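Following: one structure in structure tokens, then a few remarks.
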Amino acid sequence: MQITPGGDAGDPDRPLSADEVLQLLRSRWQASYGLQLVQRHGRLYFQVMWTYLEQQSFPLGPEAYREALEELVATLNGLGVAAQVRSWLQTTRDKPRLGKALSLPLELPPGRASEFLL
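The numbering of the sequence shown is the working numbering, which starts it at 1033 and goes up by one.
Listed below in structure tokens is the structure:
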């Protein structure tokens, strides 16, 4: 992860970047796992899937994975949940396993949930 001069690494509310998320995934689990947002029962969840870019059977190439990651990170930042996701990726004790994604129930700021949940 690169920090700009006068960096903001200590600011937990700073936006996530695709590079930061990728670095967190690789440092925690040595793989570039698939990520997604899922809506269930009126809640929004951030999920780390069990498939990863380094697998031959992964459905995306490196460029498409990067584009999807950047889009997801932009959505997370727009939802105002960057700090939650960052903290969870740094501290969760679980690991994605075949057929079992890791799920973080997101706590959306008031007013933001209505934009994403129907």
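Ideal placement from N, C-alpha and C gives every residue a C-beta, glycine not left out.
Note that this is a predicted model, so its numbers are computed, not measured.
Query, Result
"Between which residues of its own chain and Met-1033 is the CB-CB distance below 7 Å, once the five residues before and five after are set aside?", "Note that Met-1033 scores 35 on pLDDT, short of 50, meaning its location in the model is unreliable; the coordinates nonetheless yield the value given after this. Here the set comprises Asp-1051, Glu-1052 and Gln-1055."
"Determine the extent of the beta strand (DSSP E) in which Pro-1137 is found, giving its start and end residues.", "1134–1137"
"I'd like to know whether the C-beta atoms of Val-1113 and Leu-1138 end up nearer to each other than 7 Å.", "yes"
"So what does DSSP say about Gln-1079, is it helix, strand or coil?", "strand"
"What is the C-beta distance between Leu-1134 and Leu-1101, in whole angstroms, given that I count them as a contact (C-beta under 8 Å)?", "Between Leu-1101 and Leu-1134 the Cβ distance is about 16 Å, and since that is not below 8 Å, they are no contact."
"How many angstroms separate the CA atom of Leu-1141 from the CA atom of Gln-1062?", "Correcting the residue type first, residue 1141 is Pro in the shown sequence and not Leu. Rounded to whole angstroms, Pro-1141 to Gln-1062 spans 32 Å at the Cα level."
"Taking the C-alpha atoms as reference points, what is the distance between Leu-1130 and Asp-1045?", "32 Å"
"Taking only runs that begin and end inside the stretch 1055–1132, name each unbroken alpha helix (DSSP H) of 4 or more residues, in chain order.", "1094–1111 and 1114–1123"
"Let me check understanding here. Comparing Cα to Cα, which of Ala-1106, Trp-1082 and Leu-1076 lies closest to Asp-1126?", "Trp-1082"
"I'd like the list of long-range same chain contacts for Thr-1107, defined as Cβ closer than 8 Å, with 5 residues on each side in sequence excluded.", "Leu-1069"
"If the criterion is Cβ atoms closer than 7 Å, does the pair Val-1117 and Phe-1078 meet it?", "yes"
"Compute the distance between the beta-carbons of Tyr-1065 and Leu-1076, then report whether it is under 7 Å.", "no"
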